[in-house]
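As given, the protein sequences belong to chains A and B, one line each in that order. For the first sequence, the positions run 16 to 308 when this note's numbering is used. For the second sequence, the positions run 14 to 416 when this note's numbering is used. A virtual CB, placed ideally from N, CA and C, is assigned to each residue, including glycine. All figures in this text were calculated on a predicted structure; none of them were measured in a lab. Below is one structure; the comments refer to it alone.
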Amino acid sequence: MRILQYLINGISIGSVYAIIALGYTMVYGIAKMLNFAHGDVIMVGAYISFCVTSYLGLPAWAGVLAAVAVCTVLGVVIEGLAYKPLRGTPSLAVLITAIGVSYFLQNAAQLIWSSSPKNFSSIVTMKPISMAGGKLVITGEVLLTVAACILVMVGLTLFTGKTRTGKAMRAVSEDRDAAQLMGINVNRTISLTFAIGSALAAIAGVLLCSTVPTLQPTTGSMPGIRAFTAAVFGGIGSIPGAMLGGILLGIIETFSKAYLSTQFSDAIVFSVLIIILLVKPAGLLGRQMQEKV
Amino acid sequence: MKKMIALALAAMMVVSMFAGCGGSSTGTPATEAPAANAPAAAPAEGAAPAIKIGLSGPMTGGASEYGLAVRGGMEIAVAEINAKGGLQIEFKSEDDQADGSDLAVSSYNSLKDWGMQILAGAVTTGSALAIAAETVNDQIFMLTPSASAEDVANTGANVYQMCFTDPNQGASAAELMKAKWPDATIGVIYDSSDAYSAGIRDGFLAKAKELGLNVAVDNAAFTADNKADLSAQVTMCKDAGCDLVFLPFYYTEAAQVLTYANTVGYAPTFFGCDGMDGILNVEGFDTALAEGLVLMTPFDASATDEATVAFVEQFKANNGGKVPNQFAADGYDVIYALYNACVAAGVDGNTPAADVCAALQEQFATMKVDGLTGSGMTWDENGMISKAPAAMVVTNGVYVPVA
């Protein structure tokens with residue numbers, strides 16, 4: 016029973032990592048850049064949802080919609096202002112810019128909402144399912160996050176596999192110059208990628224804060240980095256990989272806390288990561304790319 | 014057009030950075046205002062100049078809650094003292110963003126350039142440790158309102174604390190548990206990456222062993238990097254059948270623990286330390302979750318004694334209705350303790366800092382201070398405070414002293 020409860024706890028936090036990782040992997044897979052500001056877009060999404068539900072008194076779904084709308088616009092604006100002018104420059108420049116954007120968003124949030132923490136009330140109203148006399152508890156948040164995660168994963172897979180725009184995205188990912196020659200608008204495709212990635216970030220923000228209620232300007236940064244780890248773990252660029260990586264990371268983390276040592280749980284998690292990357296350098300489901308000379 | 018937008022954004026970014034830095038300077042006018050009015054109340058011409066007291070603390074950044082509270086409390090004490098006439102105080106605060114390295118030292122240096130004679134800081138332990146070493150070299154008297162690590166007071170003979178040291182607070186918690194819940198099965202969750210939390214836990218465990226308390230879980234740790242998920246730690250305590258869970262860390266994470274425990278229907282007695290103070294003011298937090306929570310805090314804003322009521326009123330008036338926490342009260346007490354010592358020692362703005370330091374050390378060895386955070390407070394030879402710990406229990410959304 017005990018082991019099952021830890022498994023559920025692991026899946027709970029793991030599915031939050033997974034949904035953040037989906038955004039990371041999507042942007043990396045198509046735009047070939049690490050958007051380190053992704054975690055902070057999540058934080059903005061959570062704040063927007065918090066403001067809409069707490070200050071305007073609107074229902075939770077309105078908060079989620081507002082968060083998605085604001086983050087989508089924010090993602091496109093960030094891409095247009097900060098990343099687009101750097102297209103074609105060494106990837107290091109874009110990476111540093113992304114870190115700058117991340118700091119900018121955190122500090123702006125601190126000015127707007129102050130650094131004192133806010134408590135996010137969960138959007139789930141469902142009563143937790145209690146089994147085995149209260150020994151095993153499954154909360155509504157876990158079910159919602161896992162469901163959202165699967166839905167997003169399937170949706171993204173279908174979108175990139177079946178639709179014209181999705182195919183264009185894959186073409187841009189494969190070979191940007193060739194795609195351009197074939198008449199694909201590369202800039203628009205990348206902007207769209209950011210829009211989708213940021214909309215996912217908004218959903219992730221709401222789900223993250225429903226699971227972990229403390230909302231601060233730095234809320235997104237640590238889960239963001241863990242989710243990035245999860246994306247690498249599962250094979251960055253691979254959509255099912257991000258989900259698998261996130262959930263595995265959550266489970267390994269929770270089990271090492273429960274059975275090995277809470278103090279060394281991070282060390283254990285990252286040791287597992289190193290071992291897996293040594294055996295499979297492209298991650299669990301990543302594709303091995305042949306370097307052509 | 015695109016360039017324009019990019020430029021505008023860059024400009025915004027620069028402005029936002031300066032807005033961040035501006036925190037300390039915007040704060041000063043508020044403190045200078047009473048000083049400017051002071052001549053009306055001040056003694057006749059030729060009187061000694063005001064004594065200069067400096068504060069270094071986080072006025073911006075993630076820990077700004079504490080720095081701003083301390084500054085707010087100190088400003089009230091300074092205004093009250095200056096209105097009395099007699100020895101005047103000139104007060105200045107600098108922002109160190111709770112950064113234990115360069116920022117703290119440069120904030121200290123700029124206070125020194127301003128002519129600071131006494132340091133009423135720093136607010137956070139990291140900064141206090143960095144600054145304390147400098148004050149020892151410069152022989153500047155230092156009384157920190159809230160930096161609670163033992164190492165702070167141990168840095169030098171000129172460094173004193175207004176708050177409990179961490180191990181002492183842990184030991185008092187164990188004593189209180191022995192008195193009130195002698196048969197409880199106790200679980201401890203703590204932040205192993207934070208000196209404050211780990212210090213309290215160590216003091217607590219040592220005392221709990223001595224008193225024979227039943228501690229079933231003592232190793233449910235988290236760190237600053239993995240605190241996003243505390244469910245495993247709560248589950249550990251739940252599985253071990255703990256009916257009292259000790260949470261020696263800050264209210265931000267404690268709110269997470271309370272929320273998760275409530276979701277899974279786990280309802281032991283939760284027991285926090287002074288870092289728990291503030292949990293009822295977290296925006297959006299359902300205070301019903303904190304019902305029955307026990308916490309050790311030297312200050313209770315809902316107390317009805319005259320001094321507390323007056324302080325709370327003034328603080329609210331100065332800070333847009335915000336209720337002061339214990340950091341504000343500690344700040345207030347620090348200024349009064351320093352003032353009393355200065356008056357007794359007969360030092361003023363003309364006394365060199367090193368002489369002030371020697372005179373105050375002599376005073377602090379023997380004096381007794383009554384303040385908002387305790388009465389009959391004294392200091393030992395290491396500079397650590399001795400005052401009675403007070404425990405509160407949250408009842409109907411307010412603090413009530415533990416019966």
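- For valine 295 of chain B, the chain A residues whose Cβ falls inside 9 Å of its Cβ are Ser131, Pro132, Lys133, Asn134 and Thr229, in order along the chain.
- DSSP places glutamine 174 of chain B inside the beta strand (DSSP E), whose first and last residues are 172-174.
- Of all alpha-carbon atoms in A/Thr112, A/Val88, A/Pro105 and A/Leu89, the one lying nearest the alpha-carbon of tyrosine 98 of chain A is that of A/Thr112.
- Straight-line spacing of the CA atoms in leucine 385 of chain B and alanine 320 of chain B works out to 7 Å.
- Residues of chain B with a Cβ closer than 7 Å to the Cβ of arginine 17 of chain A are, in chain order, Asp252.
- Residue burial is scored here from C-beta neighbours: proline 365 of chain B has fewer than 16 other C-beta atoms within 10 angstroms and is therefore classed as exposed.
- Look at isoleucine 66 of chain B here: in three-state DSSP terms it is strand.
- With distances taken between CA atoms, cysteine 224 of chain A lies nearest to A/Val31 out of A/Tyr118, A/Ser213 and A/Val31.
- Taking a Cβ-Cβ cut-off of 8 Å, the neighbours of isoleucine 28 of chain A in chain B comprise Ala241, Asp242 and Ser244, given in sequence order.
- A residue is called buried once 16 or more other Cβ atoms fall within 10 Å of its Cβ, and tryptophan 127 of chain B, having fewer, is exposed.
- Taking a beta-carbon distance threshold of 9 Å, proline 238 of chain A counts as an interface residue toward chain B.
- DSSP, read as helix, strand or coil, puts serine 206 of chain A in helix.
- Taking a beta-carbon distance threshold of 9 Å, valine 277 of chain B counts as an interface residue toward chain A.
- Taking 8 Å as the upper bound for CB-CB distance, serine 236 of chain A and aspartate 55 of chain A are in contact here, some 7 Å apart.
- Phenylalanine 235 of chain B reaches chain A at Thr277, counting residues in chain order whose Cβ is nearer than 7 Å.
- Cβ-Cβ separation between phenylalanine 340 of chain B and tyrosine 79 of chain B: approximately 5 Å, consistent with a contact (criterion under 8 Å).
- Non-local C-beta neighbours of leucine 259 of chain A in its own chain, meaning closer than 7 Å and more than five positions away in sequence, comprise Gly249, Leu299 and Leu300, ordered along the chain.
- Around the beta carbon of glutamate 394 of chain B, fewer than 16 other beta carbons sit within 10 angstroms, so the residue counts as exposed.
- Within 9 Å of the CB of threonine 386 of chain B, no CB atom of chain A is found; the nearest one sits about 22 Å away.
- Taking a beta-carbon distance threshold of 9 Å, glycine 74 of chain B counts as an interface residue toward chain A.
- At least 9 Å separates the beta-carbon of phenylalanine 243 of chain A from that of phenylalanine 65 of chain A.
- Leaving aside the five residues that flank isoleucine 26 of chain A on each side, the residues in its chain whose CB is nearer than 7 Å to its CB run, in chain order, Val157, Val161, Ile262, Gly265 and Ile266.
- Of the other Cβ atoms in all chains shown, 16 or more fall within 10 Å of the Cβ of asparagine 95 of chain B; this residue is therefore buried.
- Alanine 84 of chain A has a beta carbon lying at 9 Å or more from every beta carbon in chain B.
- When DSSP states are grouped into helix, strand and coil, proline 228 of chain A belongs to the coil group.
- Here the C-alpha atom of serine 77 of chain B lies approximately 8 Å from the C-alpha atom of serine 131 of chain A.
- A/Met16 is the residue among A/Ala297, A/Ile218, A/Val284 and A/Met16 whose C-alpha sits nearest the C-alpha of alanine 147 of chain A.
- Leucine 151 of chain A is not a Cβ neighbour of leucine 37 of chain A, given a cutoff of 9 Å.
- For threonine 272 of chain B, the residues of chain A that pass the 7 Å Cβ criterion are Pro228, in the order they occur in the chain.
- In this structure, DSSP gives glutamate 107 of chain B an extended state, which the three-state scheme calls strand.
- For serine 388 of chain B, the enclosing beta strand (DSSP E) has its first and last residue at 387-392.
- Taking a beta-carbon distance threshold of 9 Å, glutamine 269 of chain B counts as an interface residue toward chain A.
- Phe65 and Ser69: these are the residues of the stretch 62-82 of chain A whose beta carbon lies less than 8 Å from some beta carbon of chain B, given in chain order.
- Between the C-alpha atoms of glutamate 326 of chain B and leucine 68 of chain B there is a straight-line separation of about 23 Å.
- For the stretch 211-238 of chain B, the residues whose beta carbon sits under 7 Å from a beta carbon of chain A are, in order, Asn232, Ala233, Ala234, Phe235, Thr236 and Asp238.
- Beyond the five residues adjoining it in sequence on each side, aspartate 313 of chain B comes within less than 8 Å, by CB distance, of Thr321, Ala403, Met405, Tyr412 and Pro414 in the same chain, given in chain order.
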